[in-house]
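Written out below as structure tokens is the structure these notes cover.
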């Protein structure tokens, strides 16, 4: 019996009994087949699926995957002051976390010191306040920087925060070539989805590639960018759009580095990616497989990369903040578990699990421990890490992988026709696509076509939630005193000299600014001071309305 004959017969019987449920679609608007068979898989297993650790890396970037080494368990953390965040990091490491992930407050993300009037009301609220190398020293006090892998979610001032990190490590006696970790450094998604930009696109891309070049020569174990689909997914895009827009940004970064005179195999192996993991478990698994395969194809065929490492997509995953609900927050523990499982089945290299209370406040020690234990239970008790690529060969997963890749490739072709990701952002194309997808999803939630448990169905009376983390109201004053003391106690003549050198170099086109920023960091110039010198030459970006 053919699939069509089976489908027709089964459907007829189901309809006769009144048991055929509504039709289903994936979040990327693909119809979900009642039953998947080999006929639905478009790709040839040998060439398109292959083996783990081999091109096109559909099944993972390492031949042994988690049988050889588990993913890095990170918890994105940072709040209040460097002192408070240092205590949280030590707590997480004691609980079995294997890597650190730094969240910065909003003034730090957009290049303002804590004593700047613009920072009022935001100091230490959504992350840790870092004004100078002094704060970075405090943040990692007692944490050996040559032993821990650190991820820093910072973009517009990424070069400055990495300079603080390198300089703080030097104070610990750790040379740059011993540092391991990732700096996000992904400015393009800020223009399309997140908004924490400072400078216009051209000088911002210069800072990105300056950092590439510096790290290629000085920090060989450091990932120089984490090209992020996460924030676009948080803003409302679909799984297929997340692949497409992330890889389109990746293409733009590679092209910028090549234009700056770098060889693709000198930097491509240090590119990393960052994705969200949502509730549709099998679609998310297929998304990771499709993204890995498509990036390998792009690097090999478009950019003629020669090294296999240049073709590997290594990525960090975070469970989806936008799926967490303030209603019945205990339900979020289950959502995070499903999303974490999808990331692991999809072959992530590191993972952050959100805490149940994040729709209400920054996570408490109790809830962040539950989030970390979720990863540990999946790793040690579920059995999914015992075998390599456990879902390979699933007709549904493989067919969905094909469909996601095809839709992503179509988007990338459209973006190429516009002149690339930067031009597509300037034209508002990516922003419009994300906005439309977000609108369609919200409409589905409001009409209850999309069920959100505890929010639009299975609703309970509001239950009081206790134990939420609060920020000490004295944090701002304490941080202002610290940055004032830094300026008072440093060599201010040397600081002025180094800042002037940086500004003069920013006015040229051919100087790598990263070593000059590092010179400023070492003598305790503040982030705001460094950014102000660059603002004076580069200007500030102002978004235009997207129609």
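In this note's numbering, the protein residues as written are 126 to 672. Note that the Cβ used here is the ideal one computed from N, Cα and C, for glycine as well. Remember, it's a predicted structure, so these values are computed and weren't measured experimentally.
Measuring only the C-alpha atoms, how far is residue i from residue j?
{"i": "residue 196", "j": "residue 473", "result": "7 Å"}
{"i": "residue 316", "j": "residue 357", "result": "10 Å"}
{"i": "residue 239", "j": "residue 282", "result": "15 Å"}
{"i": "residue 509", "j": "residue 470", "result": "7 Å"}
{"i": "residue 539", "j": "residue 293", "result": "44 Å"}
{"i": "residue 662", "j": "residue 631", "result": "6 Å"}
{"i": "residue 532", "j": "residue 266", "result": "47 Å"}
{"i": "residue 401", "j": "residue 154", "result": "18 Å"}
{"i": "residue 664", "j": "residue 190", "result": "45 Å"}
{"i": "residue 552", "j": "residue 543", "result": "9 Å"}
{"i": "residue 635", "j": "residue 629", "result": "12 Å"}
{"i": "residue 672", "j": "residue 574", "result": "Residue placement at residue 672 is poorly supported in this model, since its pLDDT is 47, which falls under 50; the coordinates are not used for a value here."}
{"i": "residue 134", "j": "residue 562", "result": "36 Å"}
{"i": "residue 502", "j": "residue 624", "result": "50 Å"}
{"i": "residue 579", "j": "residue 569", "result": "15 Å"}
{"i": "residue 264", "j": "residue 228", "result": "12 Å"}
{"i": "residue 585", "j": "residue 347", "result": "48 Å"}
{"i": "residue 591", "j": "residue 433", "result": "50 Å"}
{"i": "residue 559", "j": "residue 366", "result": "8 Å"}
{"i": "residue 644", "j": "residue 520", "result": "56 Å"}
Taking DSSP as the reference, what is the three-state secondary structure of residue i?
{"i": "residue 199", "result": "strand"}
{"i": "residue 167", "result": "coil"}
{"i": "residue 277", "result": "strand"}
{"i": "residue 404", "result": "coil"}
{"i": "residue 267", "result": "coil"}
{"i": "residue 348", "result": "strand"}
{"i": "residue 560", "result": "helix"}
{"i": "residue 524", "result": "helix"}
{"i": "residue 224", "result": "strand"}
{"i": "residue 507", "result": "coil"}
{"i": "residue 487", "result": "coil"}
{"i": "residue 308", "result": "strand"}
{"i": "residue 465", "result": "helix"}
{"i": "residue 82", "result": "Any question about residue 82 goes unanswered here, given that the chain covers just 126 to 672."}
{"i": "residue 148", "result": "coil"}
{"i": "residue 161", "result": "coil"}
{"i": "residue 442", "result": "strand"}
{"i": "residue 570", "result": "helix"}
{"i": "residue 626", "result": "helix"}
{"i": "residue 676", "result": "Coverage of the chain is limited to positions 126 through 672, which leaves residue 676 absent and any answer about it impossible."}
{"i": "residue 454", "result": "coil"}
{"i": "residue 229", "result": "strand"}
{"i": "residue 476", "result": "strand"}
Among the options, which residue has its Cα nearest to the Cα of residue i?
{"i": "residue 80", "options": "360, 149, 339, 234", "result": "This structure leaves residue 80 out entirely; the chain is present only between 126 and 672."}
{"i": "residue 545", "options": "378, 270, 261", "result": "378"}
{"i": "residue 222", "options": "273, 181, 210", "result": "273"}
{"i": "residue 555", "options": "386, 425, 650, 373", "result": "373"}
{"i": "residue 481", "options": "445, 344, 375, 287", "result": "445"}
{"i": "residue 188", "options": "176, 199, 198", "result": "176"}
{"i": "residue 438", "options": "448, 425, 459", "result": "425"}
{"i": "residue 204", "options": "507, 565, 484, 489", "result": "489"}
{"i": "residue 622", "options": "650, 206, 597", "result": "650"}
{"i": "residue 384", "options": "327, 643, 608, 541", "result": "327"}
{"i": "residue 192", "options": "505, 370, 436, 208", "result": "505"}
{"i": "residue 311", "options": "262, 450, 280", "result": "280"}
{"i": "residue 202", "options": "496, 583, 395, 571", "result": "496"}
{"i": "residue 345", "options": "301, 355, 567", "result": "301"}
{"i": "residue 375", "options": "476, 164, 394", "result": "394"}
Within this structure, are the beta carbons of residue i and residue j separated by less than 7 Å?
{"i": "residue 522", "j": "residue 611", "result": "no"}
{"i": "residue 524", "j": "residue 253", "result": "no"}
{"i": "residue 428", "j": "residue 353", "result": "no"}
{"i": "residue 309", "j": "residue 341", "result": "no"}
{"i": "residue 601", "j": "residue 248", "result": "yes"}
{"i": "residue 638", "j": "residue 335", "result": "yes"}
{"i": "residue 233", "j": "residue 255", "result": "yes"}
{"i": "residue 465", "j": "residue 499", "result": "yes"}
{"i": "residue 405", "j": "residue 463", "result": "no"}
{"i": "residue 289", "j": "residue 270", "result": "no"}
{"i": "residue 392", "j": "residue 440", "result": "no"}
{"i": "residue 369", "j": "residue 537", "result": "yes"}
{"i": "residue 430", "j": "residue 390", "result": "yes"}
{"i": "residue 468", "j": "residue 448", "result": "no"}
{"i": "residue 169", "j": "residue 207", "result": "no"}
For the structure I just gave you, are there three or more beta carbon pairs, one from the region 447-460 and one from the region 413-431, closer than 8 Å?
no
Three or more C-beta pairs under 8 Å: does that hold for the region 321-338 against the region 242-249?
no
Between the region 182-193 and the region 513-520, are three or more C-beta pairs nearer than 8 Å?
yes
Three CB pairs or more closer than 8 Å across the region 652-668 and the region 295-310
no
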